[in-house]
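Residue numbers (the numbering used here), protein chains in the order written: chain A, 295 to 680; chain B, 143 to 516; chain C, 957 to 1283; chain D, 159 to 563.
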């Protein structure tokens, strides 16, 4: 009855739209329609898309290289931008040693302003990893910069939108670069887990019997080990000396090794439900093979649920990478991820003195919340009554 | 609103000769405010339940018969709301009439009526009992609420009432959990619970639909016995015409949130007036009917609740459809000529077409109604 | 019921056996043994180790033994209460971890209790006041609660506590009690320090459980027997708390198996940030240093806890829901 | 393929079932061993003649659906023989066939399911659903396939353009028509109707029943009609078999069985049906207790625990299904001595219980063509009979439908 009510709602909605005959709309179209009605989920999706675009164009958006050290700007706070004169500009600043605290402090010198320029040339990078270029969205005009007494060279006027870290690295550049890892590692990890879980779950649910038994016991076994320690142990088993790319791949694998069990279990449940439905029986009665039933009935019906379960699993995987990196077991410098960045913000003192180091955490929260909105919306769209 | 004399559809009378209706429902309107639109579940329903009688409410799915029952209990689930009308309730023939809808849904007065004055049984015996409590405890709970504060006494009464509804080994059943009982036994337990405080009215919402025929027969004869013994009025909601014929004194036929015909059970079966009632009776295969005889068909299906039908709600399926009238004008409820307790809502009959040339004016007993044609 | 428990116990033993094998391999996996690291450390101190000394050490710790032998040696030791030797701390693992595990357990247990005590009423309120402003607020907090990483919450709370409450945060004891024997004062001091880590560890689980509770209760409130209870004339409060909540707890208890590992994971991270004397930081340290026996012991202990927790969940379920007892 | 000829199964028998059993194992105990069997179907025998409808009735859990599905091997039968008279291959033993052989026979035996919702894949268009059997068996493709689907849709009273819609756009009755079209696609000889109308509203039920009858006539179909509603079964069946706890207790021609039952259970079933006749209220023979569990069936006659006529022998000895009267089988020790009450024949019912036929005709002529095509009035639900065109009955007032009294 519940599904009838749902369909009636759809029909009603369509009657209002009067755009298309709902009778000819496939389940996917109906789901998309239902999803679009959930404002929060759509918002989540848009924000996430935005974040991925930012990550993809990290080189273009960052004015400086993410691993560029700058001893003149250790722990520089986010640069203030003034709009005096109608154009955005920044002040110069100089490093002064506070002799009482034995710490560097920064003195702003706003006697001269350095305008921010857009579409400037800077360091060389590959756009989307493919096209070498040196164009950047913005930079600071260096015209008239004071000469550094120590080196005799003109001092570089820098714009740190999100401040700088303990080595003077630009946080914005690091965050953008880190987003590439943090936003994808969970996604790909869950992707691998999804493929693994769907195949095994479908086999287990459809054929039952011995296969199912072995599968069930294996899943139970893996889920009897607490996740974070298991992740940590797996990650710790990775040798510390390896290339960034290899480590990235292996961390993905580690994430998926733990995450597939939940997926497989859910898919199994769904497939078991579908198997007993009469449309599968009708195909069997017509002489259809198992392959046919799985390919034309089980999988297409399970796919939407697989997508939902996967979407709901992504936040967990992203959080896991962040936590592992934070603990020093996941990604390691020179690679940058949000977790790696947050490693610098482990103590209260740092957080209180240099709050901008916590910006990656804000992004983690935004990302995870958006993924939850997305997953929730997908689930409601697929199965409005469960 | 309604002239009390108009509702003479009962044999029960008060000592002074008036009609003794336990419940009188007037112009009841219930709507459901869902995300995609308003569902008009009930559009001005009028009926009365005479004291000590069994009223059958018949209709297909979506006709609003269950919602009618829930409205009397003030238990219409969200997002439904009772939007208008009155439900007049008279505890005893000489007691004051109260409008149930005036009481707060959660008020003490309303809760005192629920379970004590009015009991209810639902369609699904498998899900009507709470799976985590013992059957006896669930009945005891109702008795403790309304009858006695003494736990032991309430328990004993619960066992008694289980015995009374024909439970073999009532003591053991009282100590069982619902999942240990069969569907028929659970429905008996539900009846026991509903009757535990000797209510004036029992609302039975399709109590046998989910049961097998032999179990259904058991439950029906049990209800009949208890009814004659306790004198409870019953509002029997069902879609099974056979059950109606066997159980009820009066019948109200519902279609899309309206009562289209009201009469005694005899008139409904032997002198039906509304085309829907007639078609319904003819479309069911009857035992003993010759094989090969085609069944009458009502074309189409019950429209989905979101759509609005202009004029008479039955007109798209009606075999006696009159273009220009049925699809534009909503018929009002009127008495069948020469009958005092048989009303119908169909343009075929005089008095049903409001203020129109075709309507035969001056027919006595036209019930004034405030429901407006949509 | 006896059958049920017996079957679960047998399953438990088998599960633990398998886990021990997995854990063992996991820890054996990385190239180089803990002894290598230890030798490196000794060498770096300048002392010259002779090859024969190295051999002797390797012999003593069975570095070159085939894996089966190592495994059985280790498992055999477990039964005798010998959990191996920590190179890093130059101590037996057993006593090293014992005290800290107690605090871990205390923290995880209190967090679990806290999560339940908070999430059930919140979930019930949220479900019974659906689509009201408090419900929206609770729901929003839930979403964020799940999304906030433990370490971040720990940091924020610490900053908050340090700045506005002037509380002494970090650790589980004030300095004067740290080494003191147990007394009421020490217990009170522990309580004063415990609230912060408990909130940190349980935040995610609380948010999640509230969500589960709300969803389940919404389902249950649609059930026919809830309507039956109302039709009896029960007060709405009694309907919700007596008839609905008890049935809605069912999935909540089933998730116990999922909440426990999350709590243990949270405990590890929170303890590092808050500098708590629990087993979590020790474990991470051990992993970083490939201190095999220490890491594997922690992994085993948490798994045992988890398996026991699952058994308890099953029993609790049977107690709450008579239908499960049929099994 | 077995081609064992059978003396019992002459040519006009399309399907014969001998000693069919389907047991489902129950696991339990410490090691989850099989501790028992749910004997859903426990040795039933029957046959269906070409072109007839055999009704299979019983209460829920009696194994009637399982039996129907075991015949198609949607459940693998535990034991017994299912002999199908294939038009090309002659008599085949369904239970012995390999997957390939079964596939060759299956087009001749199809099934219509109970639930109009779960029996259609929500992700396929109606066209694909109906075409699937044709595609699997490579009967048609391309243009021919489309034409065949259109034809099938028309046959069941839907429109060809419905092929591009999805099931969710159809009402329960229409979905059931789609299921019937799918079953018809391969030109089967036998259709097993597994409670095809029990999920439908009463007013739609009649439409589907009439359609099934029309199709039987048109395509020379044979039905095994599984249902729990005795009135429906009486209406559609030539012969009826009654099941109780996995056994067949009685089988006879419909009239014979309904008017002259030979098994006390049949009598009780017939007596329990509430008759739609308020002037004829009756007290049914109240059967004590509940249907026994097929996991733990009683000894002797399965019905003895509830039978009002039970005697000592019934407790110990299980009566076989035997031919007590010509063409009338019953499994009761005392069929010969008991005088059981059936359903009164129609002419025994007072005349005025039946509505007047003239009034019906007049009412029919009363509905005009200008009827609105409201969205809810799904096309194709209008019954299989074309609507009578006639004068619009504007003048129709109360007079036309007053039945004789």
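C-beta: ideal position from N, C-alpha, C; glycine also.
Using DSSP bridges, identify the partner residues of residue i.
| i | result |
| --- | --- |
| residue 270/D | 351/D |
| residue 485/B | 404/B, 477/B |
| residue 483/D | 486/D |
| residue 241/B | 230/B |
| residue 401/A | 388/A |
| residue 176/D | 239/D |
| residue 328/A | According to DSSP, which records beta bridges pairwise, residue 328/A is partnered with nothing at all. |
| residue 256/B | 260/B |
Where does residue i sit, in a helix, a strand or coil, going by DSSP?
| i | result |
| --- | --- |
| residue 429/A | strand |
| residue 446/D | coil |
| residue 428/D | helix |
| residue 243/D | strand |
| residue 1082/C | helix |
| residue 226/D | helix |
| residue 368/D | helix |
| residue 492/D | coil |
| residue 183/D | strand |
| residue 546/D | Confidence is the limiting factor: at residue 546/D the pLDDT is only 35, short of 50, which leaves the residue's position unreliable, though a coordinate-based value still follows. Residue 546/D falls in the coil class under three-state DSSP. |
| residue 375/B | strand |
| residue 195/D | strand |
| residue 506/A | helix |
| residue 202/D | strand |
| residue 496/A | helix |
Counting only the same chain and skipping the five closest in sequence on each side, list residues whose C-beta sits under 8 Å from that of residue i.
| i | result |
| --- | --- |
| residue 1052/C | 1042, 1045, 1238, 1250 |
| residue 112/B | No answer is possible for residue 112/B: it lies beyond the span of chain B, which begins at 143 and ends at 516. |
| residue 280/D | 324, 325, 326 |
By Cβ distance below 6 Å, which residues in the same chain neighbour residue i in space, the five residues on each side in sequence not counted?
| i | result |
| --- | --- |
| residue 307/D | 285, 288, 289, 321 |
| residue 201/D | 177, 179 |
| residue 569/A | 500 |
| residue 299/B | 285 |
Got a sec? Which residues, its chain only, sit under 7 Å from residue i by beta carbon, not counting five neighbours each side?
| i | result |
| --- | --- |
| residue 687/A | No answer is possible for residue 687/A: the residues shown for chain A start at 295 and end at 680. |
| residue 473/B | 454, 487, 488, 489, 494, 495 |
Listed in chain order, which residues of the region 1217-1236 of chain C have Cβ atoms closer than 8 Å to some Cβ of chain A? 1217, 1218, 1220, 1221, 1222, 1224, 1225, 1228, 1229
Chain-ordered residues of the region 206-217 of chain B with a beta carbon less than 7 Å from chain C: Answer set for the region 206-217 of chain B: 215, 217.
Closer than 9 Å, Cβ to any Cβ of chain A: which residues of the region 1237-1262 of chain C, in chain order? Hits within the stretch, in order: 1239, 1240, 1242, 1243, 1244, 1246, 1251, 1252, 1254, 1255, 1258, 1259, 1261, 1262.
Three or more beta-carbon pairs under 8 Å between the region 241-257 of chain B and the region 191-204 of chain B, yes or no? Result no; under three Cβ-Cβ pairs closer than 8 Å.
Per the contact definition of three or more C-beta pairs closer than 8 Å, is the region 560-572 of chain A in contact with the region 450-458 of chain A? no
Any 3 or more C-beta pairs closer than 8 Å across the region 568-577 of chain A and the region 504-513 of chain A: no
Against chain D: residues of the region 458-477 of chain A by CB proximity under 7 Å: none
Would the region 1195-1215 of chain C count as touching the region 1028-1039 of chain C if we require 3 or more Cβ pairs under 8 Å? no
With a cut-off of 8 Å, do at least 3 Cβ pairs link the region 207-222 of chain D to the region 1269-1277 of chain C? no
Could you tell me whether the region 162-180 of chain B touches the region 217-227 of chain B, using the rule of 3 or more Cβ pairs below 8 Å? yes
Do three or more CB pairs link the region 1152-1162 of chain C to the region 1071-1085 of chain C at distances below 8 Å? yes
Using 8 Å as the threshold, is the region 542-551 of chain A in touch with the region 240-250 of chain D, meaning 3 or more CB pairs across them? no
Decide yes or no for the touch test of the region 425-441 of chain D against the region 304-314 of chain B: beta carbon pairs closer than 8 Å, at least 3 of them. no
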